[in-house]
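**Student:** Okay, here's the structure, questions in a sec.
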Amino acid sequence: MDFQVVVLAGGTSKNLVPLVSKEVPKALLPVANRPVLSYVLELLELSNLKDLIVVVEGEDAALRVGGWISGAYVDRLHVEVAAVPEDVGTAGALRAISHHLTAKDILVVSGDIVSDVPPGAVAAAHRRHDAVVTAMLCSAPVSGPLESGSSSGKDKSKKPGRYNIIGLDPTKQFLLYIATGGELEKDIRIQKSILRAVGQMEIQSDLMDAHLYAFKRSVLQEVLDQKETFHSVKQDVLPYLVRSQLKSEVLLNGTLQPEENGNEKVSSQNNQLMLSRILSNASTPSFHQLYASGSNGFASVRRTHKCCVYIANSSNYCARLNSIQAFSDINRDVIGEARNLSGYSFSTQNNIIHPSAELGSKTTVGPHCMLGEGSQMGDKCSVKRSVIGRHCRIGSNVKVVNSVVMNHVTIGDGCSIQGSVICSNVQLQERVVLKDCQVGAGFVVTAGSECKGEALARKEK
Amino acid sequence: MVAHKKGASRGSEEPEELARVPLQAILLADSFTTKFRPITLERPKVLLPLVNVPMINYTLAWLESAGVEEVFVFCCSHSKQVIDYLENSEWFSQPNFSVTMIESHNSVSAGDALRLIYERNVIHGDFVLISGDTVSNMSLTQALLEHKERRKKDSNAVMTMVIKRSKPSQIALQSRLGTDELFMAIDPNTKQLLYYEDKADHSKGSIYLDKLLLVENTSISLHNDKQDCYIDICCPEVLSLFTDNFDYQHLRRHFVKGLLVDDIMGYKIFTHEIHSSYAARIDNFRSYDTVSKDIIQRWTYPLVPDVKFFGNSSVKLERQGMYRASEIGLSRSAQIGPFTVIGNGTKIGNHTTITNSVIGEGCNIGSNVSIEGSYIWDNVTIGDGCKLRHAIVCAGVIMKSGAVLEPGVILSFKVLVGQQFVVPSYSMVSLLQQPTKQDSDEELEYADNSSGIVEIPSFAGTSDKSNGEMTSEQSESQCWPASQLGSGGAGYIWSICEGAYDEEWRHSVAPIPADKLAEAMDAADDDQELTQDGSILPPSGELKPDSNDSEDDDNEDSRDEMIYFEKEVEATFLRAVHENIKVDHVILEVNSLRLSYNKVAADCAGAIFYAMMKLALETPHTSAGELLQNATNVITKWKKLLKYYLADIDEEMEVILRFEEMCLESAKEFSPLFTKILIQLYDQEVIQEDAILRWDDEKKDADESDKIYVKQAEKFIQWLKEASEEEDEEEEGADS
Numbered sequence: 000m001d002f003q004v005v006v007l008a009g010g011t012s013k014n015l016v017p018l019v020s021k022e023v024p025k026a027l028l029p030v031a032n033r034p035v036l037s038y039v040l041e042l043l044e045l046s047n048l049k050d051l052i053v054v055v056e057g058e059d060a061a062l063r064v065g066g067w068i069s070g071a072y073v074d075r076l077h078v079e080v081a082a083v084p085e086d087v088g089t090a091g092a093l094r095a096i097s098h099h100l101t102a103k104d105i106l107v108v109s110g111d112i113v114s115d116v117p118p119g120a121v122a123a124a125h126r127r128h129d130a131v132v133t134a135m136l137c138s139a140p141v142s143g144p145l146e147s148g149s150s151s152g153k154d155k156s157k158k159p160g161r162y163n164i165i166g167l168d169p170t171k172q173f174l175l176y177i178a179t180g181g182e183l184e185k186d187i188r189i190q191k192s193i194l195r196a197v198g199q200m201e202i203q204s205d206l207m208d209a210h211l212y213a214f215k216r217s218v219l220q221e222v223l224d225q226k227e228t229f230h231s232v233k234q235d236v237l238p239y240l241v242r243s244q245l246k247s248e249v250l251l252n253g254t255l256q257p258e259e260n261g262n263e264k265v266s267s268q269n270n271q272l273m274l275s276r277i278l279s280n281a282s283t284p285s286f287h288q289l290y291a292s293g294s295n296g297f298a299s300v301r302r303t304h305k306c307c308v309y310i311a312n313s314s315n316y317c318a319r320l321n322s323i324q325a326f327s328d329i330n331r332d333v334i335g336e337a338r339n340l341s342g343y344s345f346s347t348q349n350n351i352i353h354p355s356a357e358l359g360s361k362t363t364v365g366p367h368c369m370l371g372e373g374s375q376m377g378d379k380c381s382v383k384r385s386v387i388g389r390h391c392r393i394g395s396n397v398k399v400v401n402s403v404v405m406n407h408v409t410i411g412d413g414c415s416i417q418g419s420v421i422c423s424n425v426q427l428q429e430r431v432v433l434k435d436c437q438v439g440a441g442f443v444v445t446a447g448s449e450c451k452g453e454a455l456a457r458k459e460k
Numbered sequence: 000m001v002a003h004k005k006g007a008s009r010g011s012e013e014p015e016e017l018a019r020v021p022l023q024a025i026l027l028a029d030s031f032t033t034k035f036r037p038i039t040l041e042r043p044k045v046l047l048p049l050v051n052v053p054m055i056n057y058t059l060a061w062l063e064s065a066g067v068e069e070v071f072v073f074c075c076s077h078s079k080q081v082i083d084y085l086e087n088s089e090w091f092s093q094p095n096f097s098v099t100m101i102e103s104h105n106s107v108s109a110g111d112a113l114r115l116i117y118e119r120n121v122i123h124g125d126f127v128l129i130s131g132d133t134v135s136n137m138s139l140t141q142a143l144l145e146h147k148e149r150r151k152k153d154s155n156a157v158m159t160m161v162i163k164r165s166k167p168s169q170i171a172l173q174s175r176l177g178t179d180e181l182f183m184a185i186d187p188n189t190k191q192l193l194y195y196e197d198k199a200d201h202s203k204g205s206i207y208l209d210k211l212l213l214v215e216n217t218s219i220s221l222h223n224d225k226q227d228c229y230i231d232i233c234c235p236e237v238l239s240l241f242t243d244n245f246d247y248q249h250l251r252r253h254f255v256k257g258l259l260v261d262d263i264m265g266y267k268i269f270t271h272e273i274h275s276s277y278a279a280r281i282d283n284f285r286s287y288d289t290v291s292k293d294i295i296q297r298w299t300y301p302l303v304p305d306v307k308f309f310g311n312s313s314v315k316l317e318r319q320g321m322y323r324a325s326e327i328g329l330s331r332s333a334q335i336g337p338f339t340v341i342g343n344g345t346k347i348g349n350h351t352t353i354t355n356s357v358i359g360e361g362c363n364i365g366s367n368v369s370i371e372g373s374y375i376w377d378n379v380t381i382g383d384g385c386k387l388r389h390a391i392v393c394a395g396v397i398m399k400s401g402a403v404l405e406p407g408v409i410l411s412f413k414v415l416v417g418q419q420f421v422v423p424s425y426s427m428v429s430l431l432q433q434p435t436k437q438d439s440d441e442e443l444e445y446a447d448n449s450s451g452i453v454e455i456p457s458f459a460g461t462s463d464k465s466n467g468e469m470t471s472e473q474s475e476s477q478c479w480p481a482s483q484l485g486s487g488g489a490g491y492i493w494s495i496c497e498g499a500y501d502e503e504w505r506h507s508v509a510p511i512p513a514d515k516l517a518e519a520m521d522a523a524d525d526d527q528e529l530t531q532d533g534s535i536l537p538p539s540g541e542l543k544p545d546s547n548d549s550e551d552d553d554n555e556d557s558r559d560e561m562i563y564f565e566k567e568v569e570a571t572f573l574r575a576v577h578e579n580i581k582v583d584h585v586i587l588e589v590n591s592l593r594l595s596y597n598k599v600a601a602d603c604a605g606a607i608f609y610a611m612m613k614l615a616l617e618t619p620h621t622s623a624g625e626l627l628q629n630a631t632n633v634i635t636k637w638k639k640l641l642k643y644y645l646a647d648i649d650e651e652m653e654v655i656l657r658f659e660e661m662c663l664e665s666a667k668e669f670s671p672l673f674t675k676i677l678i679q680l681y682d683q684e685v686i687q688e689d690a691i692l693r694w695d696d697e698k699k700d701a702d703e704s705d706k707i708y709v710k711q712a713e714k715f716i717q718w719l720k721e722a723s724e725e726e727d728e729e730e731e732g733a734d735s
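Here it is as structure tokens:
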């Protein structure tokens, strides 16, 4: 397939402090003891999309990500790792690597997606409609922020329904409206012209933009070139394309298809229309075509372009690791409800305990748990719905519930960890009680301390 | 009327009543609009013939067939005519169908009507609210059932609106019925109506939906492809709601929107969509045309000319949709085209062609007449060689031979069109004089106020042009006495009332002319441009503050604003001078101006300096020296005020530039004094040398013409430079 994939792996996201650090950029955060980026890469590999550019913010992070990729995927994928400055935004990142893009269509994927929706299906939908952009939407994840808003105090301030507001045509193939982020604070503003053209628009708030887009390369490059203020793909480029779909400003100049001019161009466009109509199996032309030709010979033909969506089946899993909450949720889901993603085989107790892990007597590891390679647990411990990384040393009488413990963590006797994230090389001394905490890498929690809802980390710099 | 009340009360005495409330309907036999003027000045709209049958008969026939048992006919304008007509009709002698008249003389809106009906206390259960100009063949059963089910679950579900799919034209932005495009948001699962916008403001390119809607529902359908049939199934509460909210006048604009906006009471409106059956309301001449054609083409079956319901005489359907009454005098050479209805007793002369038209009873049509797409009511006489295209000709009209009606003409009752006279398109002709605006304003206010006016902004191009047409037409019509409708004609051509020139083609019986369509399309395109860039901000939110639109758009505004601001500052300053107000107080006042105009300190400094210099200029003086003295005095006196706004070099620069500008333009007398006053400003420590040097610096690259004052001040600047260099050297020396 003539698709080039750009994986936007981010850098060290501020949302994820203290989980991320200079040593561990976002892309390498472990989800069920694998870097989160591996989920995307393997998903792409499944769809036979092997020509990848991984864009990382920051040189250091890029080196680390590149190092890991070359180790893990050396003979499987053709990956280039590109570093871009921090804070250029997703659009800036694409702009920076724009000259590397050569294929007809570009698949832009966020590196933090954990999903089993085949990107190939998105690419196919994109081609079928000859769309300018196709966005993948999926229903809000089962244990999404909506639900968790009540469980953790931090998210409470955020209103429910912070998902995207998305307007679709009745056939749910075309994207007519999208609002995100700050826009949600305001009223929903729908362009009448689009509504007039399509007649009926379904506005939904239960769909999530999965940050997986297929773009027509020429259009993407043109937009990035012309709109220099565009910072984010999702908040600027996509809404811009959606907004202007009936009055297309892209594809206007002949430079895109220099070989075509005059009548030739028109006829070839008609052919393309026909072709796309046949491909989309549509007996009736889409509203774009109707609108474009609707003028009955008046004035000039209007330029339109199509913005499509691919809506993932609701049984598919899709989540983005973009907050600490999401990190915990995804870890839990990958070894729980969405276990097919983890790539591990589960034991009869519905958990994964590495053969080299050692468990003390009367220690129980419940279902939906994972215990990494070479980890040791003392006596009378209990682990429920948690992920424990490699080479951890856990004392006796330790309780780990709903938590993620990364690699090389030492946990003293009598600790209780609930709803927390413990990063690598952390030392918890005896009788530490943590509830809804995040402990940054290398931190030492002194004996007997009790914390609730705190972020503990070494002071860097 | 008393008799009928009895009928109604007898119904309630029946034991059955407890278990079953007879289905009631309120039929508003007054549309409270003026769209059918001038015809409705003489006859109520509900009695106008629609394919040779008075409209109200269609509505009543449908109500009867839909199972309604009691109908309350509310009549206001021409109520006597309506009552007389109904009393002599067969509607009063129907079994299981009682018609009761409610008469009012002072209602100006549907709201008033419903309040009056509420006072009468005749409605006991769910009722159908309909106006007397609705044609439908839908079955109410399903809608009623849904309505009742919902009522059981949720007592706040007060109304069910019937809607039908009909996509408005994207170009003219109106439905085929000539009504404005309608935007509705409907919950796809419950069919609850969440948003309703008719009479859309075209200048707004977008719809704003409350985001709270999406908190409650995960999905909403936004429709532009539905048409409101104006058939409502209402709970009795609707009437009391109208009474509670005495300001509700219009059913849709006030009542429906009021309920949608009001979230305290939580009343809900639901929709019921009909798919295969017909429902439409005749709201304007265009819908009159459309519905007539639908009837002829049998979409409204069984309410079609050849099926006898009420008030129509028997006609026979022939090939090509031609309906012909039995006794007509038709010349052999006459060609009667498709989709034409010809009423009883009509005579048609030789070589006359009629297509797509309705001809009433007892008409006399001469030879060589061509009639196309026109509606000719009863007893019309059309002379030889007349031409009619897309016109409505009311009963009793006489067109003398050779007269021509251009598309969109309305001839009201008994108008006489003189020989060979050409009635220009969209003319409205009546024997009655056009009422002056004053006596109809109340009705207009509730009925139609917005329809024309809102459309003006978006059709700026259109309106400009038609404005010109209109004024010329107006002046023409004003000097046309009644007898000037051609020789031997009688009637006034009405001038088009203000704001209605758009309606004339939108709501006319004639198809929309191509040039109007093209104009509308351009306007639509412009709209869109407006939406995408320019004034409306991109949704990303981030781009807002620094995107360039603020500069482009605000330029004009800010210039005006700047002028106002400066005037205000000047007035404040002069007042301070004359009334000897303390500097601190002046600063306060200027600050408040600054805030209200959203200006920066530099603007204030510029404005104050301008005012000061103007004062110096206006103080009497005979020579340049005196003027300089004046200026020095003013500066000395008010430098504290000015200094307050000179926090930085930028502000000082602004003062210098301002002064330069004054010297060049408004106060040339200062021109020779520029350097002297500048030195004065420097000496008084109003302006520092840095500012002057920078000013000099910035002017280096300017045109020669801009450099006059730099040159004038050259020596001074030179001196300043040397002084500062010396200072620097001194400092350096001191440092080392």
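Protein sequence lines correspond, in order, to chains Y and V. Heads up: the first sequence begins at 0 in numbering that gives the first Met the number 0, then just goes up one per residue. Heads up: the second sequence begins at 0 in numbering that gives the first Met the number 0, then just goes up one per residue. Yeah, the Cβ is synthetic: ideal placement off N, Cα and C, and Gly gets one too. Given the structure is predicted, the values throughout are model-derived calculations rather than measurements.
Below 8 Å, can you find three or more Cβ-Cβ pairs linking the segment 207-218 of chain V to the segment 107-119 of chain V?
**Tutor:** Because the criterion of three Cβ pairs below 8 Å is not met, the segment 207-218 of chain V and the segment 107-119 of chain V do not touch.
**Student:** What span of residues does the alpha helix (DSSP H) with SER239 (chain V) cover, start to end?
**Tutor:** Looking at the DSSP string, the run of the alpha helix (DSSP H) that includes SER239 (chain V) is 236-243.
**Student:** Could you spell out the range, first to last residue, of the alpha helix (DSSP H) harbouring VAL340 (chain V)?
**Tutor:** VAL340 (chain V) -> not in any alpha helix (DSSP H); beta strand (DSSP E) instead, spanning 339-341.
**Student:** What's the call for LYS581 (chain V), buried or exposed, on a 16-neighbour Cβ count within 10 Å?
**Tutor:** LYS581 (chain V) comes out exposed.
**Student:** Please tell me whether CYS393 (chain V) and SER411 (chain V) are closer than 9 Å, where the distance is taken between their beta carbons.
**Tutor:** Result yes, Cβ atoms of CYS393 (chain V) and SER411 (chain V) sit closer than 9 Å.
**Student:** Please confirm whether VAL197 (chain Y) has its beta-carbon closer than 9 Å to some beta-carbon of chain V.
**Tutor:** VAL197 (chain Y) counts as touching chain V.
**Student:** ALA623 (chain V) to GLU713 (chain V), Cα distance in whole Å?
**Tutor:** Spanning the two alpha carbons is a distance of roughly 21 Å.
**Student:** According to DSSP, simplified to helix, strand and coil, what is LYS49 (chain Y)?
**Tutor:** In this structure, LYS49 (chain Y) counts as coil in the three-state DSSP scheme.
**Student:** If we ignore side chains and look at the alpha-carbon of each, how far apart do ALA60 (chain V) and TYR266 (chain V) end up?
**Tutor:** One C-alpha to the other measures close to 31 Å.
**Student:** Residue ranges of each alpha helix (DSSP H) run of no fewer than 4 residues wholly in the segment 612-643 of chain V, ordered along the chain?
**Tutor:** If we require 4 residues or more, the alpha helix (DSSP H) runs fully inside the segment 612-643 of chain V come out as 623-643.
**Student:** Comparing the CB of GLU578 (chain V) with every heavy atom of the ligand SAM, is any distance shorter than 8 Å?
**Tutor:** This structure lacks the ligand SAM, and indeed carries no ligand of any kind.
**Student:** Can you list, in chain order, the residues of the segment 652-664 of chain V whose Cβ is nearer than 7 Å to any Cβ on chain Y?
**Tutor:** Answer set for the segment 652-664 of chain V: empty.
**Student:** In terms of residue numbering, what span does the beta strand (DSSP E) encompassing SER286 (chain V) cover?
**Tutor:** That residue, SER286 (chain V), is in no beta strand (DSSP E); its alpha helix (DSSP H) goes 284-295.
**Student:** Under 8 Å: do the segment 64-74 of chain V and the segment 97-109 of chain V share three or more Cβ pairs, one atom per stretch?
**Tutor:** These segments touch.
**Student:** Could you say which of V:VAL161, V:TYR229, V:LYS151 lies nearest to THR178 (chain V) if we only look at CA atoms?
**Tutor:** That would be V:TYR229, whose Cα lies nearest to the Cα of THR178 (chain V).
**Student:** Do ASN363 (chain V) and VAL340 (chain V) have their beta-carbon atoms positioned less than 9 Å apart in this structure?
**Tutor:** Going by C-beta atoms, VAL340 (chain V) is not nearer than 9 Å to ASN363 (chain V).
**Student:** Of the residues Y:TYR316, Y:CYS391, Y:GLY110, which one's Cα is nearest the Cα of GLU357 (chain Y)?
**Tutor:** When only C-alpha atoms are compared, the closest one is Y:CYS391.
**Student:** So with CB distances below 7 Å, who are the chain Y contacts of LYS598 (chain V)?
**Tutor:** Neighbours of LYS598 (chain V) on chain Y: none; closest Cβ ~27 Å, over 7 Å.
**Student:** Among residues of its own chain, excluding the 5 on either side of ALA337 (chain Y), which ones have a beta-carbon nearer than 6 Å to its beta-carbon?
**Tutor:** The answer, listed in chain order, is TYR316.
**Student:** Which of the three DSSP states, helix, strand or coil, is assigned to PHE658 (chain V)?
**Tutor:** Looking at PHE658 (chain V) - three-state DSSP - the assignment turns out to be helix.
**Student:** Using a Cβ cut-off of 9 Å (strictly closer), state whether THR189 (chain V) contacts chain Y.
**Tutor:** Not closer than 9 Å to any Cβ of chain Y, the Cβ of THR189 (chain V) fails to qualify, so no.
**Student:** Between which two residues does the alpha helix (DSSP H) carrying LEU692 (chain V) extend?
**Tutor:** 688-698 is the extent of the alpha helix (DSSP H) around LEU692 (chain V).
**Student:** Would you mind reading off the limits of the beta strand (DSSP E) that contains VAL134 (chain V)?
**Tutor:** Start and end: 133-135.
**Student:** At a CB distance below 8 Å, what residues from the segment 198-228 of chain Y approach chain V? Give them in sequence order.
**Tutor:** Cβ contacts with chain V: GLY198, GLN199, MET200, GLU201, ILE202, GLN203, SER204, ASP205, THR228.
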